[in-house]
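Enquirer: First, the structure itself, so that you have it in front of you.
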Amino acid sequence: MSSLRIFLLANTLVSLARACTMIAVGRNATVDGSTLVAHTDDAGFGAADLRMVHIPAQKYERGAVRHVYNVQPGYPRLVTTERGPEYKPKNNQEQLMTPLGEIPQVSHTYGYFEQDYGFMNEVQLTIGESTSGARTVGWPMDAGPHGYNMFGIGELTRVALERCDSARCAIQIMGDLATTYGFFSEDSGDPANPDYVSAAETLGIADRYGEVWVFHVLTGPQNASAVWAAQRVLDTHVVVVANGFVIREMNLDDSDRFVASGNVHSFAEEMGWWKPKQGKFDFTAVYASPTSDPVRALYVGRRMWRVFDLVAPSLQLDSRLGHYSEFPTYPFSVEPDRNLDVSDVTRLLRDYFQGTPYDLSKGFASGPFGMPMRWGGDEKGVVGGWERPISMYRTVYSFVLQARAHLPDAVGGVAWYGQSSPHASVFVPFSCAQQEVPSAYLLGKESEFTPGSAWWAFSFVNNWSMIRFDAISKDIRARIAELQKACFAERKAMEHHIYRTESLTTAEARIYLQEQSNQLASKVVEEWWAFAWKLVGKFTDGYITTGEAPEEMEMPGYPEWWLKLSEFSKWPGDTLRPPHVPMLEKQLELFKSHQDASTDVVGQRVAATSSNVVLITQLAIGAAIGAVVGASATWFILARQRQFGYRAIR
């Protein structure tokens, strides 16, 4: 393989390191008429600000301005006196940030929740994000002479949540701001080596009116301005965006389903990417970054397939198609085989291809204990890849945002929010209208272990599970099931209380939901820390300890297949050469013959890699030899087990 090819593949892996997944569900595809927007925030190699912050609603005088910032990915993401108490300078140690510019302010803004992006406001407008690739690239105004743009996707989402109660409003405001003031991706890279794979953004947007939309935006002409497009998701459908554009042909005469910037066709013609005589205009084929290699095709496409296959298995979609910007392989959206609820979508977020040929808990790369995490980092020039799951080691937080048109905002809008990797997290409900969050959700930095932090509670358990994932994950799944069930029940009880208490004012209902939600979220964090310490006691030093009696401590050891493939089955080899004593020579010969036989019957072992199920080893010879030699060596094995208390998990 050429050095250029190796470079391109390696660059793709690095570029996609900050990518996220977005899933959205139409109102008639859910069991109760909710719209659902889900997002995993897979922050990447840099440290992230772990705080989930509420920005309060505010009123402004005529002539006020709204400052726009290049919000930072690390801690603190923002330091300003303009957006509530949490972002004000702490202990005189934080310097106020300088804005990139300003836009005219409106007289009133809604309160909303944000982390890396704004995600839900008090009137049920919801937003989920997924970084995408484009043929254009842009940088912020403070990046130097090549920086012409004021808005990244984070600030666009914040302005939309401040000013809008509908998805259509959000799309128009974000699109207009991007084209007027310029859009830049926060992952555009160095101008000498632009990161086109991460140069654009996609949002899923839903509202209390029951609409769900997908919004694409990229930088426009001369590394400035913007191009954008949006498509409405059918009410009966589910859509997934996994770091690639998905909007294809657009009928801009059908404004109920499509809308785009005024330059969407003209800029493509100007650049020579499309001409009317070529026929129908395919937005993704025209504007998405070219699919340069199989790593990117599967990085995007496999997650699309997985979500569609889980919600609509009857379609029998091919998992191997990948995602290509040049032509469609999977549909924009699908109709699920049955209607979904919040718990169904949380299960999608917890997925790492369990039960498929791509199951990351299987195969040699998962180690002896089936650990599904695959670290990123320097590939040392080795070309290849891992499967990219929805739930992964670098997920900082995730959520399922629920909007219900038939209910008052404080009741209908719920942010089901979880921290760290979703497969080992509990999603707790916050009312969209509450104005405070528990202190545990505002504590913690990635560089400092903080026992009072919600993020550290879940991250700690996630990391501890990697000691012995096959065993510990069973306990984690069981505890998640208990607490998640309790969260659903508690939220239902809160809503029933609101229904029964007709005398409650809107303000009183909001305060009640805030108090109850925060108590529940704090309780879950307390329970999770208690659970963490139980895991520490139970799974330590290779033992599983459930009590103080001798029989309540097990040493399960390693699985048989791994022992036979590892150095264990080859030891001691020629490292033992005893004196020429007949008894010792016979003992060693007997040991080696039994060892050879037990290794020969391993057979074929397979494991999932990033692109296919591949053969790890072929060692099959015959079980007959093993049976004969095994009988003669029973004394040795029994003696060894008695000595070491060893028992392999099969």
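For the sequence shown, the residue numbers in mature numbering (1 follows the signal peptide of the UniProt record, and there is no 0) are -19 to -1, 1 to 631. Quick reminder that beta carbons are idealized off the backbone N, C-alpha and C, glycines included.
(1) Does Thr590 pass the burial test, meaning 16 or more other C-beta atoms within 10 Å, or should it be called exposed?
(2) Below 8 angstroms CB to CB, which residues in the same chain sit around Val219 once its five sequence neighbours on both sides are set aside?
(3) Determine the burial state of Gly603: buried for a count of at least 16 other Cβ atoms within 10 Å of its Cβ, exposed for fewer.
(4) At which residue ranges does the region 407 to 459 contain complete beta strand (DSSP E) runs of 3 or more residues, listed in the order of the chain?
(5) Report the residue from Gln297, Tyr68, His304 whose alpha carbon sits nearest the alpha carbon of Leu266.
(6) Just list the alpha helix (DSSP H) runs in the region 291 to 379, keeping only unbroken ones of 4 residues or longer that don't cross its boundaries, in chain order.
(7) Check for me: the alpha helix (DSSP H) holding Met252 runs from which residue to which?
(8) Say whether the region 332 to 343 touches the region 224 to 243, bearing in mind that this needs 3 or more beta-carbon pairs closer than 8 angstroms, one atom from each stretch.
(9) DSSP three-state label for Gln585, please.
(10) Express the C-alpha separation of Val418 and Cys150 in angstroms, rounding to a whole number.
(11) So is Val442 buried or exposed if we call it buried at 16+ other beta carbons inside 10 Å?
(12) For Gln259, count the other beta carbons within 10 Å of its own beta carbon; 16 or more makes it buried, fewer makes it exposed. Which is it?
(13) Kindly indicate the opening and closing residues of the alpha helix (DSSP H) around Tyr493.
(14) In terms of residue numbering, what span does the beta strand (DSSP E) encompassing Tyr93 cover?
(15) For the candidate residues Leu17, Leu31, Ser147, whose alpha-carbon lies nearest to that of Leu59?
(16) Which residues in the same chain as Asp168 place their Cβ atom closer than 7 angstroms to its Cβ, once the five residues preceding and following it in sequence are excluded?
(17) Between the C-alpha atoms of Phe165 and Thr521, what's the straight-line distance to the nearest angstrom?
(18) Alpha carbon to alpha carbon, how far is Lys256 from Leu142?
(19) From the DSSP output, in three-state form, read off His48 for me.
(20) Could you give the residue range of the alpha helix (DSSP H) that holds Gln105?
(21) For His387 and Gly185, I'd like the C-alpha separation in whole angstroms.
(22) Please return the same chain residues whose Cβ sits closer than 8 angstroms to the Cβ of Gly14, not counting the five positions on each side in sequence.
(23) Rounded to whole angstroms, what is the Cα-Cα separation between Gln105 and Cys145?
(24) Buried or exposed: where does Thr487 fall if 16 or more other Cβ atoms within 10 Å of its Cβ makes it buried?
(25) Need the endpoints of the alpha helix (DSSP H) that Ala148 sits in, please.
(26) In chain order, which beta strand (DSSP E) runs of at least 3 residues are fully inside the region 61 to 142?
(27) Run through the DSSP bridge pairs and tell me what Leu382 is partnered with.
(28) Among the candidates Tyr162, Pro121, Ile152, Val222, whose CA atom is the shortest distance from the CA of Pro172?
(29) Alpha carbon to alpha carbon, how far is Ser406 from Gly571? Give it in angstroms, no decimals.
(30) Where does Val34 sit, in a helix, a strand or coil, going by DSSP?
(31) Using a threshold of 8 angstroms, state whether the C-beta atoms of Phe411 and Ser273 are closer than that.
(32) Let me know the secondary structure DSSP gives Arg213 once reduced to three states.
(33) Does DSSP put Trp194 in a helix, in a strand, or in coil?
(34) For residue 677, which three-state DSSP category applies?
(35) Between Ser454 and the rest of its own chain, which residues show a CB-CB distance below 6 angstroms, the 5 nearest in sequence each way excluded?
(36) According to DSSP, is Ala(-1) helix, strand or coil?
Expert: Taking the coordinates as given:
(1) One-based indexing of the sequence shown puts residue 590 at position 609. Unreliable placement is indicated for Thr590, whose pLDDT of 40 sits below 50; the coordinate value is still reported in the next sentence. The Cβ neighbour count for Thr590, taken over all protein chains shown within 10 Å, is at least 16; the residue is labelled buried.
(2) Position 238 of the sequence shown, counted from the start, is the residue given in the question as residue 219. Hits under 8 angstroms: Ile4, Ala5, Val6, Gly7, Ala10, Val288, Phe289, Val292, Ala293, Ser314, Val315, Glu316, Pro317, Leu321.
(3) Sequence index remark: in the sequence shown, residue 603 carries index 622 (1-based). Low confidence applies here, because Gly603 scores a pLDDT of 35, under 50, leaving its location unreliable; read the following figure in that light. Exposed.
(4) With a minimum length of 3 residues, the continuous beta strand (DSSP E) runs that stay inside the region 407 to 459 are 409 to 412.
(5) Taking the first residue of the sequence shown as position 1, residue 266 is located at position 285. Residue identity check: residue 266 is Ala in the sequence provided, not Leu. Checking every option, the nearest Cα to that of Ala266 belongs to His304.
(6) 323 to 330
(7) Translated into the one-based positions of the sequence shown, residue 252 becomes position 271. Run containing Met252: 247 to 252, per the alpha helix (DSSP H) assignment.
(8) Too few Cβ pairs lie closer than 8 angstroms, so no.
(9) Residue 585 sits at position 604 when you count from the first residue of the sequence shown. Bear in mind that a pLDDT of 45 at Gln585, under 50, signals an unreliable position, so the model cannot answer this.
(10) Sequence index remark: in the sequence shown, residue 150 carries index 169 (1-based). Sequence index remark: in the sequence shown, residue 418 carries index 437 (1-based). So the alpha carbons of these two residues sit roughly 27 angstroms apart.
(11) If you number the sequence shown from 1, residue 442 lands on position 461. By the 10 Å Cβ count, Val442 comes out buried.
(12) Numbered from 1 along the sequence shown, position 278 holds the residue referred to as residue 259. It is exposed - the Cβ of Gln259 has fewer than 16 other Cβ atoms within 10 Å.
(13) As a working note, residue 493 is residue 512 in the sequence shown. Here the alpha helix (DSSP H) through Tyr493 covers 487 to 519.
(14) Locating residue 93 in the sequence shown gives position 112, counting from the first residue. Element bounds for Tyr93: 93 to 95.
(15) Locating residue 59 in the sequence shown gives position 78, counting from the first residue. It is Leu31.
(16) Numbered from 1 along the sequence shown, position 187 holds the residue referred to as residue 168. Excluding positions up to five away in sequence, the list reads Arg(-2), Thr112, Asp176, Ser179.
(17) On the sequence shown, residue 165 is found 184 positions in, with the first residue counted as 1. On the sequence shown, residue 521 is found 540 positions in, with the first residue counted as 1. Phe165 and Thr521: Cα-Cα distance of roughly 48 angstroms.
(18) In the sequence shown, residue 256 corresponds to position 275, counting from 1. In the sequence shown, residue 142 corresponds to position 161, counting from 1. When rounded, the distance between both Cα atoms is 36 angstroms.
(19) The residue given as residue 48 occupies position 67 in the sequence shown. Residue state, collapsed to three classes: strand.
(20) Looking up residue 105 in the sequence shown gives position 124. Per DSSP, Gln105 belongs to no alpha helix (DSSP H) and is neither H nor E.
(21) Here the question's residue 387 lines up with position 406 in the sequence shown. Here the question's residue 185 lines up with position 204 in the sequence shown. A direct Cα-Cα distance of roughly 21 angstroms separates His387 from Gly185.
(22) As a working note, residue 14 is residue 33 in the sequence shown. Once the five neighbours on either side are set aside, the close Cβ partners of Gly14 are Arg8, Gly191, Arg385, Ala386, His387.
(23) Residue numbering aside, residue 105 sits at position 124 when the sequence shown is read from its first letter. Residue numbering aside, residue 145 sits at position 164 when the sequence shown is read from its first letter. A straight-line Cα-Cα distance of about 10 angstroms links Gln105 and Cys145.
(24) Residue 487 sits at position 506 when you count from the first residue of the sequence shown. An exposed status is given to Thr487, since fewer than 16 other beta-carbon atoms sit within 10 Å of its beta-carbon.
(25) Taking the first residue of the sequence shown as 1, we reach residue 148 at position 167. Run containing Ala148: 148 to 162, per the alpha helix (DSSP H) assignment.
(26) 82 to 85, 93 to 95, 99 to 102, 107 to 113
(27) Locating residue 382 in the sequence shown gives position 401, counting from the first residue. In the DSSP output, where bridge partners are listed per residue, Leu382 has Val18, Ala396.
(28) Numbered from 1 along the sequence shown, position 191 holds the residue referred to as residue 172. It is Pro121 whose Cα lies nearest to the Cα of Pro172.
(29) As a working mapping, residue 571 is identified with position 590 in the sequence shown. As a working mapping, residue 406 is identified with position 425 in the sequence shown. Before going further, note that residue 571 is Leu rather than Gly in the sequence given. Their backbone Cα atoms lie some 50 angstroms apart in a straight line.
(30) Walking along the sequence shown from the start, residue 34 turns up at place 53. Three-state DSSP puts Val34 in a strand.
(31) Working through the sequence shown from its first residue, we reach residue 411 at position 430. Working through the sequence shown from its first residue, we reach residue 273 at position 292. Contact: no.
(32) Indexing the sequence shown from 1 puts residue 213 at position 232. Collapsing the DSSP output to three states places Arg213 in a strand.
(33) For the purposes of this step, residue 194 is identified with residue 213 of the sequence shown, where counting begins at 1. In the structure shown, Trp194 sits in a strand (DSSP, three-state: E or B).
(34) One cannot answer for residue 677 here, as it falls past the ends of the chain, which runs -19 to 631.
(35) The residue labelled residue 454 in the question sits at position 473 within the sequence shown. So the list reads Ser446, once near-sequence residues are dropped.
(36) Your numbering for residue -1 matches position 19 in the sequence shown. Correct three-state label for Ala(-1): coil.
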